[in-house]
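Inspection log for the structure reproduced underneath, given as structure tokens.
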Amino acid sequence: MSTPPHPNQPPIVFGTLSLCHALEKLGFGPCYHPLHVQKDKLKWVEWAKVLQGQTDPEFIYSILEGFGSALDTPVTFVADSIYKAYPNAKYILTIRDPDQWEVSVRKTFLNPFPELLPVFERAQRGTLTEEDHEFLDSRVPNKQGVWMLAARARHTLKPGGSLQGDIRDELLTHNAWIKELIPPENLLIFDVKEGWGPLVRFLEVESELEEPFPKVNESAAYKELAQF
Numbered sequence: 001m002s003t004p005p006h007p008n009q010p011p012i013v014f015g016t017l018s019l020c021h022a023l024e025k026l027g028f029g030p031c032y033h034p035l036h037v038q039k040d041k042l043k044w045v046e047w048a049k050v051l052q053g054q055t056d057p058e059f060i061y062s063i064l065e066g067f068g069s070a071l072d073t074p075v076t077f078v079a080d081s082i083y084k085a086y087p088n089a090k091y092i093l094t095i096r097d098p099d100q101w102e103v104s105v106r107k108t109f110l111n112p113f114p115e116l117l118p119v120f121e122r123a124q125r126g127t128l129t130e131e132d133h134e135f136l137d138s139r140v141p142n143k144q145g146v147w148m149l150a151a152r153a154r155h156t157l158k159p160g161g162s163l164q165g166d167i168r169d170e171l172l173t174h175n176a177w178i179k180e181l182i183p184p185e186n187l188l189i190f191d192v193k194e195g196w197g198p199l200v201r202f203l204e205v206e207s208e209l210e211e212p213f214p215k216v217n218e219s220a221a222y223k224e225l226a227q228f
């Protein structure tokens, strides 16, 4: 299933890597994942443009062309723009224990790269120093927007917030935002522990799969994502 050219046949937006595998097994692949962005760092430039206001649906269609679904960063951090492009899509908000999620985020993203946190925070605030620019010049073009997006992708949603704090609250804030943004009839609130049942019914798939619901080591996958 390709990403459709108009909002009447939209992709489906998800939230976790396990769900990505489940989605593909149900026939909604390929699934756009953060690792696609990591493998082609210039994709950060395109998503940064969306974050900075280039929300024309045709532009978003071009980014997601060839994909049948999408999940996680950076899609979830521009969910309003995604919804504008695909108002008839079915969206799934994955829920998890906020405290466990905070532990995972700190272990996967924050603790391994303490020297980068100040750069990410300054990028988000628009106060990069000359040394920061030299550092970012070695990465990708459009560095200001790219690294502002990178900062948000590290679970800082509040302008001027700190990457070191309020991580648990940011998850709750994000969940509330999605619930307000997406009409209830288009939104499934889903815990992967529930397995195939709710997912199959919501997506109107004919039958459940006999195999177990996918369980992916997301910490390992995101450590790969974090290798800049």
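All letters in the sequence shown, in the order written, are residues 1 to 228 by the numbering used here. No residue lacks a Cβ here, since even glycine has one placed at the ideal position from N, Cα and C.
- Going by beta carbons, Ser81 and Thr55 fall inside the 7 angstroms limit.
- Distances from the CA of Cys20 to each of Trp44, Ala89, Phe67, Ala85 were compared; the closest alpha carbon is that of Phe67.
- Counted as a single uninterrupted DSSP element, the alpha helix (DSSP H) harbouring Ile178 occupies residues 167 to 181.
- Contact check between the segment 90 to 106 and the segment 47 to 63: fewer than three CB pairs, one atom from each, fall below 8 angstroms, which does not count as touching.
- In chain order, Arg168, Leu171, Leu172 place their CB closer than 7 angstroms to the CB of Pro98, counting only its own chain and leaving out the 5 sequence neighbours on each side.
- When secondary structure is reduced to three states using DSSP, Ser138 falls in the coil class, being assigned neither helix nor strand.
- By the Cβ neighbour-count rule, Ser69 is buried, with 16 or more other Cβ atoms within 10 Å of its own.
- Looking at the DSSP output, Thr94 sits in a beta bridge with Phe190.
- Approximately 12 angstroms separates the beta-carbon atoms of Leu64 and His33; this is outside 8 angstroms, ruling out the contact.
- In the three-state DSSP reduction, Pro87 falls in the coil class, being neither helix nor strand.
- By the Cβ-count criterion, Ala176 is exposed, with fewer than 16 other Cβ atoms from all chains shown falling within 10 Å of its own Cβ.
- DSSP places Lys107 in no alpha helix (DSSP H); its state is neither H nor E.
- For Pro57, the enclosing alpha helix (DSSP H) has its first and last residue at 57 to 64.
- Pro118 and Phe202 have their C-alpha atoms some 42 angstroms from each other.
- Taking every protein chain shown into account, the CB of Thr129 has fewer than 16 other CB atoms within 10 angstroms, so this residue is exposed.
- For Val50, the enclosing alpha helix (DSSP H) starts and ends at 42 to 51.
- In this structure, the alpha-carbon of Ile178 lies about 35 angstroms from that of Ser138.
- Arg122 and Tyr86 have their C-alpha atoms some 32 angstroms from each other.
- With a cutoff of 7 angstroms on beta-carbon distance, Leu51 and Val75 are scored as not near each other.
- When rounded, the separation of the alpha-carbon atoms in Thr16 and His133 is 32 angstroms.
- Around the beta carbon of Leu26, 16 or more other beta carbons sit within 10 angstroms, so the residue counts as buried.
- Note on Thr73: 16 or more other CB atoms within 10 angstroms of its CB, so buried under the neighbour-count rule.
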